[in-house]
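In case it helps, mature numbering (1 follows the signal peptide of the UniProt record, and there is no 0) puts the sequence shown at residues -21 to -1, 1 to 349.
Idealized CB from N, CA, C, for every residue including glycine.
Below is one structure, written out as structure tokens; the observations come after it.
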Amino acid sequence: MKGSILSILLMTMSISFDMLARNTAAAAAAQQAVPPPPAIFVIGDGFLDVGNNNDLTGGEIGDPPRANHPPYGCDFPGARPTGRFSNGYNMADFIAQALGFPMSPPAYRSLPSPSPTKMEGFTGVNYASADAGIRASTNGNMTIPVDVQVMNFAETRAQLKALLGGRKPLNQFLSKSLFLLGAGTMDLLPQCNFYLQPNGDNTAEVQRLMEFYGASLTKLHGLGARKFGIINVGLLGCAPFARERSDGCDDSLNKLAGEFNAALETLLSDLGTKLHHFRYTLADLYGFTNATVANPSASGFSNVESACCPGPCAPGAPMFGGACDNTMGYFFWDEGYISEQAAKLASAAFYNGKAFAKPVNIRQLIAIKG
């Protein structure tokens, strides 16, 4: 009799644990199953650019900055340079893939004009331009600054309104879409922004940059954007270009980047209070880079100091030895931009992690209704 009771108890416990495990797995699956946004619109600099600089008029390679030549793209499907400042995909691609898209939406300047011409297959537009600044004057107008990128989105919006059949369906479409932004790096480099005071107090300039950035974000909100993924500025002073001029990381550059990021966090909090349904994720590229540089092996990197493709990273610069063989082991692809592997890990942290995304991660942002 006791044996029968014990058997029944054990069977009941087994069923209970099995049901608990299934319910837990189902809950986890439900948490992960976030319907993708209808589109992604990307604004920013070379961390997100997928080819908008390719046909900008200019002189030699690097003026304006272009990545439409080898060894850029050596790990991209087909081993072809696309204009991404990477050996393969960048953060715009990996975040898009996490949301269910094949890769970043196409570069604005690669599309027919006017664009889009149909909604079938439309996944958004990427307006980002390598070396672009928040200030229009940054980098001497060689690239497409953030405010002009916002104007380009306004043109796309006008086409979408016609294709979707009016303001109401357009607003619904845009309110569910992700607006991914990442800018500010070039604005913090004295050689690119003549308003900076080298080795001086740049508090006033950081606040001025926030005014410009805030104006662009407010403009996007007025055009219908509601969900913003904002990537802050990385650990500038530890990039290869900065290390070349210092014995190790450039602490002054890192300090300036930290000041910019703190001001950006305050700006986003203020906009969240002032603007109706302004939702955002602040993706902490600075913190992610800092953690990786402090413990590279934990993320599988063997080199977090040098560029895999040093110098100008161009076929006409054999004196630099070309690109490294182990692209997976390098955090930095060239002198300023991160590798495909670094972009992949950072994007995963921003999309589904807790340590480097706040107040919510990108997955949670997309899941917000209303």
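For residue j and residue i, believed in contact at Cβ under 8 Å, the rounded distance
i, j, result
"residue 71", "residue 107", "7 Å"
"residue 162", "residue 111", "7 Å"
"residue 48", "residue 302", "About 12 Å; that fails the 8 Å criterion."
"residue 122", "residue 43", "5 Å"
Three-state class that DSSP yields for residue i in the structure shown
i, result
"residue 259", "strand"
"residue 265", "helix"
"residue 326", "helix"
"residue 337", "strand"
"residue 86", "strand"
"residue 168", "coil"
"residue 19", "strand"
"residue 282", "strand"
"residue 104", "strand"
"residue 74", "helix"
"residue 253", "helix"
"residue 193", "helix"
"residue 53", "coil"
"residue 121", "coil"
"residue 351", "Coverage of the chain is limited to positions -21 through 349, which leaves residue 351 absent and any answer about it impossible."
"residue 217", "helix"
"residue 347", "coil"
Cut-off 7 Å between Cβ atoms - residues of its own chain near residue i, not counting five sequence neighbours on either side
i, result
"residue -2", "Any reading at residue -2 needs caution, since the residue's pLDDT is 40, under 50, leaving its predicted position unreliable; the model's value is listed next. Hits under 7 Å: none found."
"residue 339", "260"
"residue 3", "Low per-residue confidence applies at residue 3: pLDDT is 38, beneath 50, and the placement is therefore not dependable enough to give any value."
"residue 58", "52"
Same chain, Cβ closer than 8 Å to residue i, neighbours up to 5 away in sequence not counted
i, result
"residue 134", "93"
"residue 206", "16, 154, 155, 156, 157, 158, 258, 259, 344, 345, 347"
Bridge partner(s) assigned by DSSP for residue i
i, result
"residue 243", "Its beta-bridge partners do not exist; DSSP assigns none."
"residue 159", "21, 208"
"residue 311", "286, 317"
Own chain partners of residue i with C-beta closer than 6 Å, once the 5 adjacent residues on each side are dropped
i, result
"residue 195", "125, 126, 129"
"residue 189", "242, 246"
"residue 193", "246"
"residue 1", "With a pLDDT of 49 at residue 1, under the threshold of 50, the modelled position of that residue is not reliable, and no figure is offered here."
"residue 9", "Residue placement at residue 9 is flagged as unreliable, the pLDDT there being 42, under the threshold of 50; the coordinate-derived value follows with that caveat. If we look at residue 9 and ignore the five residues flanking it on each side, it has no Cβ neighbours."
"residue 267", "325, 328, 335"
"residue 316", "25, 64"
"residue 412", "The chain is shown only over -21 to 349; residue 412 falls outside these bounds and no answer can be derived."
Any C-beta of chain E under 8 Å from that of residue i
i, result
"residue 322", "Given the protein chain composition of this structure (a single chain), no chain E is represented."
For the structure I just gave you, are there three or more beta carbon pairs, one from the stretch 153 to 168 and one from the stretch 211 to 225, closer than 8 Å? yes
Measuring CB atoms only, is the stretch 133 to 148 touching the stretch 180 to 187, in the sense that at least three cross pairs come out at less than 8 Å? no
Under 8 Å, with one C-beta from each stretch per pair, do the stretch 197 to 207 and the stretch 268 to 277 reach the 3-pair mark? With fewer than three CB-CB distances shorter than 8 Å, the stretch 197 to 207 does not count as touching the stretch 268 to 277.
Inter-stretch contact (C-beta, 8 Å, three-pair minimum) for the stretch 56 to 73 and the stretch 322 to 331: yes
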